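Worksheet for the structure shown next.
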Amino acid sequence: MRVNFLIILALTLTACDETPPELGGAAGHEESGGAPVTAPDAEDRVARGRYIVNAGLCGDCHTPLTMGPSGPIPDASRLLSGHPETIVLSAAPSLPPGPWMAMASDTMTAWSGPWGMTFTANLTPDEETGLGRWNEETFIATIRNGRHMGVGRPLLPPMPFQLIANYSDDDLRAIFAYLQSIPPVRNRVPDPIPPVTAAGAATSDSVDG
Amino acid sequence: MPAALALACSLVALASSGAPVSQVAFNPPLTLRETGLYADWERFETAEGIFSFSPQYPLWTDGASKRRFIAIPPGTAVDASDADAWRFPVGTRIWKEFSFGRRVETRYMVLGPDGWRYATYLWSEDEREAVLADPRGGDIAVDTSTGAPHAVPSTSDCVACHGNGETPVLGFSLLQLSPDRDPGALHSVQRAEDVDLGELVRIGALVNLSARFLARPPRIAGRTPTERAALGYLHGNCGHCHRASGALSPLGMQLAHEGAALPEPALTTTINRTSGFALPGAPHAPARRVDPGHPEASVVLARMSARDPLTQMPPIGTHVVDGEAVRLVADWIRELPPSRQLENEP
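Protein sequences appear in the order of chains D and A. Its first residue numbered 25, the first sequence is counted upward by one per residue in this note's numbering. Its first residue numbered 221, the second sequence is counted upward by one per residue in this note's numbering.
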């Protein structure tokens, strides 16, 4: 059985004008009065990767929000480092009555829905907790196949890998090059939590009698 | 100034396998008949030039029985110059047939000039016809006592498993076709008509195989028969992803038996090695991939024993735990001396 969902969340964040351009904030957008976003020289792989990551809003989920004086802002000290390990969430929240499907933490890094509870990944080049040991092949296979490290468990909502899988190999290489260039942040993101704890999985013993 | 932030998120349920297809352009035949597998569909006799083979360490697919066939274009041969990455001639066709009491599915791969192409065919209940499956894959009902469905792979699943090593051909390889077959190998079936290394060389279908592999056919040098069988099972069921090359190479966990490497990488990269995966109930405690003497504390066994999509291994193509394999690998871990990893350090 396949279930496809498409949701569009429109979130009004009161303090986005404080967001530095590095984090994809409003300062880089034409509508804010700044210079329009343009693609940098294609030869500059890291710069192109930064452009794609910012234009693609990767940081909206992978950089934790923190509360600023005027509202939530991306935490520049934890750029693209995923769900903070210090925020331990072990049980999914209950949805309120009504047609609601998903909930997000106030950091926008933990999500809960029919798929279980998911935590956005640490994309920094930290060797132990991020992508420091990954290579291009691993990164591209992850996006192309929609599986962790290219061959493992399925990537889970809200990661829109179906969209990113349409990027060219060059663009994916540029994204990876940029992610490898940012400061490493040691932050061990927890594994996703399934919606129902697996119990009594079928085994071949019952097949064979 | 307030700013609106819009996220367009495509949410796909766990059961979905509708990942984008990432293989070369391919318009596969619409029916299995058109692939040329059987010359006689009444008696299911294969066409001339098609060989049957059975890897000694087969992949577990929820108890399905399987038959495998390969066709190499006339006048060509498989090149075994690289013992771990045989090169196949353009036009090579390979089929794998899955049965649960009756034929259910046949997977097909063919090597075109620009790479391997994949398709799968679903059989009618009367086994008269098999037609091209939806490339997005999905579960189909089969008649088994567990009630578990059979997982038909999406085309991207094909690529995820087969496109991850030096060669996409997984069961037709040096160790799998060795005539020195492991009597302890799980689920192994050998048919009289199956070809092995010696036969392939004799008929000229396999060339440039080092003579040493014929003089001394390859085998896993297990310390005990249990270890030989356990490492063989891990090779056949895990080694196509957990190998020295490919997307999972950064993990440094090699379950593939490659070349004549001693000690076995499956020992040196698992025993007493810290896993990045936490055991259930201990989310913050580092666990070992294989904890000698302690199967209950070994991540490899925990993940083999799971079938929730976030934990299970293998992650693709199975809904039913292989109980025999769990017992075999548990026995192997239980018999490992605590110092085993140190003995095998390079």
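Backbone N, C-alpha and C define an ideal beta-carbon position, used for all residues, glycine too. Predicted, not measured: the structure shown is a model, and the values here were computed from it.
Could one say the Cβ of residue i lies closer than 7 Å to chain D's Cβ atoms, at least one of them?
{"i": "A/A467", "result": "yes"}
{"i": "A/D551", "result": "no"}
{"i": "A/S319", "result": "no"}
{"i": "A/D528", "result": "yes"}
{"i": "A/N384", "result": "yes"}
{"i": "A/C378", "result": "no"}
{"i": "A/P470", "result": "yes"}
{"i": "A/P535", "result": "yes"}
{"i": "A/C581", "result": "Residue 581 of chain A is absent from the structure shown; chain A starts at 221 and stops at 566."}
Counting contacts by CB-CB distance shorter than 7 Å, is residue i in contact with chain A?
{"i": "D/P216", "result": "yes"}
{"i": "D/A201", "result": "no"}
{"i": "D/G174", "result": "yes"}
{"i": "D/W158", "result": "yes"}
{"i": "D/A100", "result": "no"}
{"i": "D/T162", "result": "yes"}
{"i": "D/R171", "result": "yes"}
{"i": "D/R210", "result": "no"}
{"i": "D/A198", "result": "no"}
{"i": "D/R115", "result": "Correcting the residue identity first, residue 115 of chain D is Ala in this sequence and not Arg. Closer than 7 Å: no."}
{"i": "D/A128", "result": "no"}
{"i": "D/A165", "result": "yes"}
Can you tell me whether residue i sits near the ligand MG, meaning its C-beta is under 6 Å from at least one heavy atom of the ligand?
{"i": "A/I290", "result": "Only the bare structure without any ligand can be found here, which leaves the ligand MG out of the picture."}
Where does residue i sit, in a helix, a strand or coil, going by DSSP?
{"i": "A/R575", "result": "Shown here, chain A extends from 221 to 566; a query on residue 575 of chain A therefore has no answer."}
{"i": "D/D68", "result": "coil"}
{"i": "D/G57", "result": "Any reading at D/G57 must be qualified, since the residue scores a pLDDT of 42, below 50, and its modelled position is unreliable; no value is offered."}
{"i": "A/V519", "result": "helix"}
{"i": "D/T90", "result": "strand"}
{"i": "D/I188", "result": "helix"}
{"i": "A/Y258", "result": "strand"}
{"i": "D/S205", "result": "helix"}
{"i": "D/M173", "result": "helix"}
{"i": "A/V541", "result": "strand"}
{"i": "A/P445", "result": "helix"}
{"i": "D/T148", "result": "coil"}
{"i": "A/H460", "result": "coil"}
{"i": "D/T162", "result": "helix"}
{"i": "A/H370", "result": "strand"}
{"i": "D/Y75", "result": "helix"}
{"i": "A/D414", "result": "strand"}
{"i": "A/Y338", "result": "strand"}
For residue i, count neighbouring Cβ atoms within 10 angstroms of its own Cβ and tell me buried if that reaches 16, exposed if not.
{"i": "D/T87", "result": "buried"}
{"i": "A/N247", "result": "exposed"}
{"i": "A/A339", "result": "buried"}
{"i": "A/P506", "result": "exposed"}
{"i": "A/A486", "result": "buried"}
{"i": "A/E484", "result": "buried"}
{"i": "D/T110", "result": "exposed"}
{"i": "D/G52", "result": "Low local confidence applies: a pLDDT of 35 at D/G52 is under 50, so the model's placement there is unreliable, with the coordinate-based value given in what follows. Its Cβ being crowded by 16 or more others within 10 Å, D/G52 is buried."}
{"i": "A/A361", "result": "exposed"}
{"i": "A/H382", "result": "buried"}
{"i": "A/W552", "result": "buried"}
{"i": "D/D193", "result": "exposed"}
{"i": "A/G332", "result": "exposed"}
{"i": "A/M524", "result": "buried"}
{"i": "A/S518", "result": "buried"}
{"i": "A/T494", "result": "exposed"}
{"i": "D/R72", "result": "buried"}
{"i": "D/T142", "result": "buried"}
{"i": "D/W124", "result": "exposed"}
{"i": "A/H460", "result": "buried"}
In whole angstroms, what is the alpha-carbon distance linking residue i and residue j?
{"i": "A/L475", "j": "D/G122", "result": "49 Å"}
{"i": "A/A522", "j": "A/D511", "result": "12 Å"}
{"i": "A/R322", "j": "A/E347", "result": "7 Å"}
{"i": "A/G269", "j": "A/R288", "result": "14 Å"}
{"i": "D/P98", "j": "D/P208", "result": "17 Å"}
{"i": "D/W139", "j": "D/H172", "result": "15 Å"}
{"i": "A/D334", "j": "A/G311", "result": "11 Å"}
{"i": "D/I199", "j": "D/T153", "result": "18 Å"}
{"i": "A/S177", "j": "A/G357", "result": "Lying before the first or after the last residue shown, residue 177 of chain A is absent from chain A, which here runs from 221 to 566."}
Inset, instruction - Decide yes or no for the touch test of the stretch 251 to 258 of chain A against the stretch 326 to 337 of chain A: beta carbon pairs closer than 8 Å, at least 3 of them. - result: Yes, the stretch 251 to 258 of chain A touches the stretch 326 to 337 of chain A.
Legend entry - Inter-stretch contact at 8 Å, needing at least 3 Cβ pairs: the stretch 448 to 457 of chain A / the stretch 416 to 431 of chain A: No, the stretch 448 to 457 of chain A does not touch the stretch 416 to 431 of chain A.
Inset, instruction - Evaluate contact between the stretch 285 to 300 of chain A and the stretch 467 to 474 of chain A, counting only Cβ atoms and requiring at least three cross-stretch pairs below 8 Å. - result: Because the criterion of three Cβ pairs below 8 Å is not met, the stretch 285 to 300 of chain A and the stretch 467 to 474 of chain A do not touch.
Legend entry - Touch test, the stretch 433 to 446 of chain A against the stretch 132 to 151 of chain D, Cβ-Cβ under 8 Å, three pairs minimum: No, they do not touch.
Legend entry - Cβ contact check for the stretch 364 to 380 of chain A and the stretch 271 to 286 of chain A: 3 or more pairs under 8 Å: Cβ pair count under 8 Å is three or more, so yes.
Inset, instruction - Examine the Cβ distances between the stretch 308 to 325 of chain A and the stretch 334 to 348 of chain A and report whether three or more of them are shorter than 8 Å. - result: In short, these stretches touch, since the Cβ pair count reaches three.
Legend entry - Three-pair Cβ contact test at 8 Å for the stretch 261 to 278 of chain A versus the stretch 296 to 304 of chain A: Contact between the stretch 261 to 278 of chain A and the stretch 296 to 304 of chain A is absent, because fewer than three Cβ pairs lie under 8 Å.
Inset, instruction - Evaluate the contact criterion for the stretch 161 to 169 of chain D versus the stretch 111 to 130 of chain D: three or more CB pairs, one atom per stretch, below 8 Å. - result: Touching, no.
Legend entry - At least 3 beta-carbon pairs within less than 8 Å: the stretch 349 to 366 of chain A vs the stretch 390 to 407 of chain A: Between the stretch 349 to 366 of chain A and the stretch 390 to 407 of chain A there are fewer than three inter-stretch CB-CB distances shorter than 8 Å, so the stretches are not counted as touching.
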